[in-house]
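For the sequence shown, position 562 matches number 562 in UniProt numbering, and the numbering has no gaps at all. Note that beta-carbon positions come from the ideal geometry of N, C-alpha and C, so glycine has one too. Small disclaimer: the values here were computed from a predicted structure and weren't measured. Okay, structure first, notes after.
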Amino acid sequence: MDMLELKIYTKKQIHDVLMKLHRFFCFVVPNNNFVQKCEHLRLEVAFRSVQCDNLTTKIYGMKEFKEFIDAVNFKVEWLQAMGDVNNNVANVTNNFNRVNNSIAIREYDQSLLANYFCENQVLSEVLAEDTHEDMIKRSIDILKFLAEQAQLQQKDIDLLWRHALRGSRSFADVTYRVLYDLVNVIPWTLIEHVLTKINDIPLNTYDRLVLTLITEISQRCLNRAKFAHDVPKSVAEHHYGLMFLWRAMQDERTKDEEHIPLATSEIQLEAMNRLVSCLQIDAGLSYQFKKKKRVIRSINAYHLVHICLYAHIYNFIFIFIFIFMCLHDMRMKHTEKITKIYAWIICGAVVQSQIHCGSADVMSGAIGNNVTHISDSTEEKQETETPQLLQRHSTRNEIVGILVRQHRILDFDSPPEQAPSTTEKTANAAPRALVPPPVLHLRKLDNFKARFDFLRFLLQNSHLQLKRQQLEDLWKIVIGDKLDEKHENLSLICKSEHNHFFRWLKEICPTNNKNNNNSMSQAMTVDDAVHLFQTRLSLMPRKTMTSDSLECLHRYFELVHSVSIANAQSTGQIFQIPALSQAIDVMWEIAIEADEDRVAESCGVFVTAFYMKPIPGNDNTPLFNTNALNIFGESFVNDLTRLIQNAGNSANISSNTSNAITSFNDQKTDTNKTAPPIDKWQARHEFVEKCMGYLQQHGMSESPVRYLNRNNNNNNNNNMKALRQIRNSRT
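What follows is the structure, encoded as structure tokens:
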């Protein structure tokens, strides 16, 4: 019967005839050969349907193939499940033949069906050059089945890939979806072939579809690589697809692949965000789950290995109880993660992992083998260790290390001898055609933020650290040798970049806590952070300070204070007042000279709170038995006197404020050198008095912010009362 004769019958008629023949030879006249011929005939009908020109008939054939695949898979699962119970394969097969009456599958199995697909080249018809999108979408069933039977070949991937090159976004979308759905079942050799195909895509043709394909394949490969030991070297060299995202971040106008440009396109920004997302997934947790990760990090790996070696059956009971407790406390999203961790423990993989990395990283899910520390003295050693690294599956820290070594992400562009002004930067920027300048400025700002967000993620989620020279280069690139004294010389885009940079510096500021369990890596050393404060942050112009730069300055100011106390504790020496003198002067100068009243008041609150902190005393005073107010009282009086003198005439200063000043210093302050009153300081006169009032009551427990807000409310109430009295007198 050829296709012309088959067309005169409906699909239902053909299906009913085949089912009746199958049941006849199964039960009425049992004959296994005829049963197999009936099943083979049904496959032939489905294959002839796929070869038709009618799309509806083609889809019918694909549904028949899918039903066949589901049937043979169900047969294997049923036989295995019942065979484990009865231990009699013959009886189990007979039972299956009796219960399986709904589907005409009895003699065919997975191997016969896979051989039929290969011998008849079914995929060549399904994925023909002019096939429909729906056929490509339905081909995933046959592709997965052949991959599970280890009969999927590179030519089948080529048949699928050519539809992504047809020039249609819809065809490319369907093809890419089928491809990254196959990654979980195809062998590493075929994944290597897929990565080779992606490598042939021109960089200037990358779009969101290509980035989605790369992201999905990379995420699946990273999950598989955590438990695989046969990863090909070429797959590891591509970093499981992350290399393509890195390439997409490069500037398409230059061949230089060593730097990420500050002004990039939307595709480059998307690639950067997707690379960060892949690294987050490989780390096992996103930012909001870092606290949960510490629970797993705190487990002592040595004791767990000891249990697995000597406790025999009791260790399994303990492990399953602990898994249940973790699942009860943590989200269900981490079920697979925790189960895999304990599977490693049972298999003894912890012992091997402890050779390569710390036990904390083993239990955290990050699995940071061969953590890379960037230093000038170890560059040659890292180059020799690269082949060994690529032989094993790369983890997150290894990928970060490779990116740093091969692409030198931390080697920023060399700063110019003289930093250009912001107006020159804006004038020299070459806008693209048909793109208005405001849009270009917004793109530049977004990509500027994305670059530093990406670098922040690398610093916080690996053991990489910025060197002192790299911090200097970053400062010169973003800020320049010196900030402009006037806001008029700073463009809005430049101000936004500066504010984001100061927020970034604040977030990567290290801590001086010796009890830190290293759950968060230090982006720089404490000494380098203090050096950055002394050489850069403390020398910034006081007038151009903003809220973001002030918060960054205050964060490093707190670090300097903690370092000074830690040194006094460790050495037992007397606390040295000059260690904080420069920092305190800087903060008071900002409160005095800043143009914005909000910045000045915030800085005053910061310093006022500092005076209430416990601090080491002198020879006769034990550590932490006094506060900064008793030590820095004289400089405090002088600085506040300058504040009050700048706030208005000395005649307007209330007697309470003068008494407060003289209470800290018996000597009379020289009020003859009063600066001429300036209107912009008038608004700070009340603020200075509030600071003095708070410090007079330094024994109180509430914060200065609450105290100042309370005084603001009292002043408002007093003003309202005064207004009512005036109105009543007028009436």
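Exposed or buried, residue i, counting other C-beta atoms within 10 Å across all chains shown (16 or more means buried)?
i, result
"C347", "Bear in mind that a pLDDT of 35 at C347, under 50, signals an unreliable position, so the model cannot answer this."
"K58", "buried"
"D548", "buried"
"E216", "buried"
"F227", "exposed"
"T378", "Legend: pLDDT at T378 = 32, less than 50; position of this residue unreliable, value from coordinates given subsequently. Exposed."
"T205", "exposed"
"E601", "buried"
"L203", "exposed"
"A225", "buried"
"G604", "buried"
"T608", "buried"
"R169", "exposed"
"E497", "buried"
"D528", "buried"
"D156", "buried"
"P510", "buried"
"K233", "exposed"
"A271", "buried"
"H229", "exposed"
"L539", "exposed"
Per DSSP, what kind of secondary structure is residue i in: helix, strand or coil?
i, result
"T189", "helix"
"residue 733", "With the chain covering 1 to 731 only, the question about residue 733 has no answer from this structure."
"G61", "helix"
"P437", "helix"
"C52", "coil"
"S564", "helix"
"T608", "helix"
"K543", "coil"
"V231", "coil"
"H238", "coil"
"T196", "helix"
"E601", "helix"
"T205", "helix"
"E67", "helix"
"N73", "helix"
"D130", "coil"
"M272", "helix"
Looking only at its own chain, which residues have a Cβ that is under 8 Å from the Cβ of residue i, when we skip the five neighbours before and after it?
i, result
"L275", "L242, L245, W246, M249, F454"
"F68", "R42, L43, A46, I105, Y108, L113"
"V174", "E133, I136, K137, H163"
"V76", "D109, Q110"
"R166", "A172"
"V178", "I136, K137, S139, I140, L143, L160"
"N120", "F47"
Along the alpha helix (DSSP H) that carries residue i, what are the first and last residues, could you check?
i, result
"Y180", "169 to 182"
"Y116", "110 to 119"
"residue 755", "Missing from the structure shown is residue 755; the chain here goes from 1 to 731 and no further."
"Q154", "154 to 161"
"H498", "492 to 507"
"R224", "208 to 225"
"H531", "526 to 535"
"D134", "133 to 138"
"E125", "122 to 126"
Starting from the C-beta of residue i, find all residues in its chain whose C-beta is less than 7 Å away, skip the five residues before and the five after it, and write them out in chain order.
i, result
"V563", "N512, V526, V530"
"W504", "F452, R456"
"D181", "I140"
"T546", "N499, V599"
Please work out which residues of its chain come closer than 6 Å, Cβ to Cβ, to residue i, disregarding the five sequence neighbours upstream and downstream, and give them in chain order.
i, result
"A583", "F557, V560"
"E64", "A46"
"W161", "K197"
"R220", "V183, N184"
"E472", "none"
"F74", "none"
"D141", "K66, I69"
"F145", "I69"
"M62", "R138"
"Q51", "E125"
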